[in-house]
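Quick note on numbering: the sequence shown equals residues 9 to 278 in my numbering.
Inspection log for the structure reproduced underneath, given as structure tokens.
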Amino acid sequence: MTVFTCQDSFESILCGVYDAWMSRLGHDQVRLELEGTESLELFARYQEVREEAWKSARVSEAVQKKAGRQVYEQIYRASLSREPEKADRIYRYLIEAFRWGRRVEDRLADPAVYELFRMNRQVEREAHHLIEFLRFSRTESGILYGTIGPVHDVAVLLAPHFADRLGGENWVIYDAGRRKAVVHRADGPWFLVQDADGSLEQALKGGEETDAESWEGLWRIFHRHISIAERENPACQKTHLPLRYRPYMTEFQRRRPEREGKEAKDDHGV
9 MTVFTCQDSF
19 ESILCGVYDA
29 WMSRLGHDQV
39 RLELEGTESL
49 ELFARYQEVR
59 EEAWKSARVS
69 EAVQKKAGRQ
79 VYEQIYRASL
89 SREPEKADRI
99 YRYLIEAFRW
109 GRRVEDRLAD
119 PAVYELFRMN
129 RQVEREAHHL
139 IEFLRFSRTE
149 SGILYGTIGP
159 VHDVAVLLAP
169 HFADRLGGEN
179 WVIYDAGRRK
189 AVVHRADGPW
199 FLVQDADGSL
209 EQALKGGEET
219 DAESWEGLWR
229 IFHRHISIAE
239 RENPACQKTH
249 LPLRYRPYMT
259 EFQRRRPERE
269 GKEAKDDHGV
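Below is the structure:
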């Protein structure tokens, strides 16, 4: 068995697919793994994948030509999954995609097809939830800043939606767990940046002391007033709004101690 180890990125995984396929060792004799997740296997040979643009481009072109754009988009979304086995699952799926072409999407009884479909669905579902749950605050410099903590690496899937809805605004969507951000310039394109040292997060958080606190307080008051105590159903709330999204939502943020008295007065209209 030869194990090809690649980086956790779409381009590197495609390069791994190219190396494994062109090794001519046979699909049963090769496996793709992400660096750092290898489970060392006796008698297996480990080979590091060298990321080169021409290799990933060749695989991209072949996938779109033989299986279609939709299959290509599916493997891209699957590459955003946090599952450590995703590289090999993408490889197994592409074996079937090159065999069946566009019809591969209908072959859910095939384990390789089903696993890719499952990962793709999980990533899409989380991106859809975050489009609904993401909250922005405005910094002193006028930048809209929102923080997320997703399971999967879905920040890039949120960008097209908000670039369309907030095209005239400067905004940043920050993935706190991965320390990366999608940055959008007003009336311009968006791009992805890595915040390895946390400097971007500190710069943006340091500029939130504006009227944002007042608006956050009003938002919490609004949610308390529309709540009907007799109809509260925590179990149902957790189903429609999972707990893992709440730390990044304004209405669930803990109030600052110095504001508790003021918000209590506001509740009573004083």
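All C-beta atoms in this analysis are idealised placements derived from N, C-alpha and C, irrespective of residue type, glycine included.
For the beta strand (DSSP E) that residue i lies in, which residues bound it at each end?
{"i": "Gly286", "result": "Outside the shown range of the chain, which is 9 to 278, sits residue 286, and nothing can be said about it."}
{"i": "Phe199", "result": "198 to 202"}
{"i": "Asp172", "result": "First-last for Asp172: 163 to 173, but that is the alpha helix (DSSP H), not the beta strand (DSSP E)."}
Can you look up residue i in the DSSP assignment and give me helix, strand or coil?
{"i": "Glu216", "result": "Model confidence at Glu216 stands at a pLDDT of 47, short of 50, so the residue's coordinates are unreliable; what they give is reported in the following sentence. It is coil, neither helix nor strand."}
{"i": "Ala52", "result": "coil"}
{"i": "Lys270", "result": "Reliability fails at Lys270, whose pLDDT of 45 lies under 50, so the model's placement of it is uncertain and the value that follows must be treated cautiously. Lys270: helix per DSSP, three-state reduction."}
{"i": "Leu22", "result": "helix"}
{"i": "Ser145", "result": "strand"}
{"i": "His276", "result": "With a pLDDT of only 40 at His276, under the threshold of 50, the placement of this residue in the model should not be trusted; the figure read from the coordinates follows. Three-state result, His276: coil."}
{"i": "Ala194", "result": "coil"}
{"i": "Val11", "result": "strand"}
{"i": "Val131", "result": "helix"}
{"i": "Arg1", "result": "Examination of residue 1 is not possible in this model, given that the chain is present from 9 through 278 alone."}
{"i": "Asp183", "result": "strand"}
{"i": "Ala120", "result": "helix"}
Between residue i and the rest of its own chain, which residues show a CB-CB distance below 7 Å, the 5 nearest in sequence each way excluded?
{"i": "Val164", "result": "Val190, Leu200"}
{"i": "Glu132", "result": "Arg85"}
{"i": "Ser20", "result": "Cys14, Val57, Glu59"}
{"i": "Ser31", "result": "Thr10, Val38"}
{"i": "Arg100", "result": "Ala120"}
Is the beta carbon of residue i less than 7 Å from the beta carbon of residue j?
{"i": "Ala95", "j": "Leu40", "result": "yes"}
{"i": "Val67", "j": "Leu22", "result": "yes"}
{"i": "Glu134", "j": "His160", "result": "yes"}
{"i": "Lys316", "j": "Gly109", "result": "The structure shown does not extend to residue 316, since the chain is modelled only from 9 through 278, so no value can be given for it."}
{"i": "Leu138", "j": "Ile156", "result": "yes"}
{"i": "Ala167", "j": "Asn178", "result": "no"}
Using C-beta distances below 8 Å, list every residue in its chain close to residue i, excluding the 5 sequence neighbours before and after it, in chain order.
{"i": "Val180", "result": "Ile151, Leu152, Tyr153, Gly154, Ala189, Val190, Val191, His192, Leu208, Leu212"}
{"i": "Met9", "result": "Gln37, Val38, Arg39, Glu49, Phe51, Ala52, Arg53"}
{"i": "Lys63", "result": "Leu22, Cys23, Tyr26, Asp27"}
{"i": "Glu91", "result": "Arg97, Met127"}
{"i": "Leu116", "result": "Tyr122, Phe125"}
{"i": "Asp203", "result": "Tyr182, Arg187, Lys188, Ala189, Glu209"}
Between which two residues does the alpha helix (DSSP H) containing residue i stretch?
{"i": "Arg97", "result": "94 to 108"}
{"i": "Glu81", "result": "77 to 87"}
{"i": "Val67", "result": "61 to 74"}
Using C-beta distances below 6 Å, list every residue in its chain close to residue i, excluding the 5 sequence neighbours before and after it, in chain order.
{"i": "Gly76", "result": "Arg110"}
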